[in-house]
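Read the structure below first, then the notes.
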Amino acid sequence: MRIGLYPGTFDPITLGHMDIIRRAAALVDRLVIGVAINRDKGPLFTLEERVAMIETECAELSKQTGTEIIPHPFENLLIDCARDVGAQIIIRGLRAVADFEYEFQMVGMNRALDTSIETVFLMAEARHQAIASKLVKEIARLDGDVSKFVTPTVNEALKARFAKGL
């Protein structure tokens, strides 16, 4: 069984993330969405909320592709998470040159830690290249329209979160 790991904070999951997930699902039998527990980033949504969003957003895609897509929270090294879930490949999405520079360093470190796990880069489709969770949250916080960047379910979750005065 070919297992891939697509890690991130997914705070919240965007159409850019879904684009990478959709294409990654064609490469593997099981796609583990590694939901990073990164306390330093101060996520808008709790871990449980982010996992639930991923489950909701990926359920239909999993049925359509026949690929098992499951969220997996992690707080350890990415390479250790890959080992924990039995992943042979780590999938990373790229939007711009700045992403590549950071990812290039990460691949080098991960290869030094475990040469048996490959990293595969998928370029975001052009219409999704500008989407970043951080920017989506900022637009939503300022009552802007983020419907072009997230699914309707995530859009409603953002509206509800910011309606609470966060």
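So for the sequence shown, the UniProt record's numbering puts the first residue at 1; every next one is plus one.
Cβ coordinates follow ideal geometry from the N, Cα and C atoms, glycine included.
Quick caveat, the model's predicted, so the values are computed rather than measured.
With a beta-carbon spacing of about 6 Å, Pro73 and Ile37 fall inside the 8 Å limit used to define contacts.
Annotation: the continuous alpha helix (DSSP H) that includes Glu60 extends over 47 to 65. Its chain contains Arg2, Gly4, Ile89, Ile91, Val120 as the residues whose beta carbon lies nearer than 8 Å to that of Leu27, once the 5 sequence neighbours on both sides are disregarded; these appear in chain order. Residue pairing by DSSP places Pro73 opposite Val35 in a beta bridge. Annotated three-state conformation of Ile21 is helix, per DSSP. Under the DSSP definition of a beta bridge, Val120 partners with Ile91. When Pro43, Pro7, Leu158, Met106 are compared, the shortest CA-CA separation from Val32 is found for Pro7.
Apart from sequence neighbours up to five positions away, the residues of its chain that approach Ile20 with a beta-carbon distance below 6 Å are Gly93, Leu122, ordered along the chain. Residue pairing of Gly144 in beta bridges, as defined by DSSP: absent, with no partner found. Between Lys148 and Asp84, the alpha-carbon positions lie close to 35 Å from each other.
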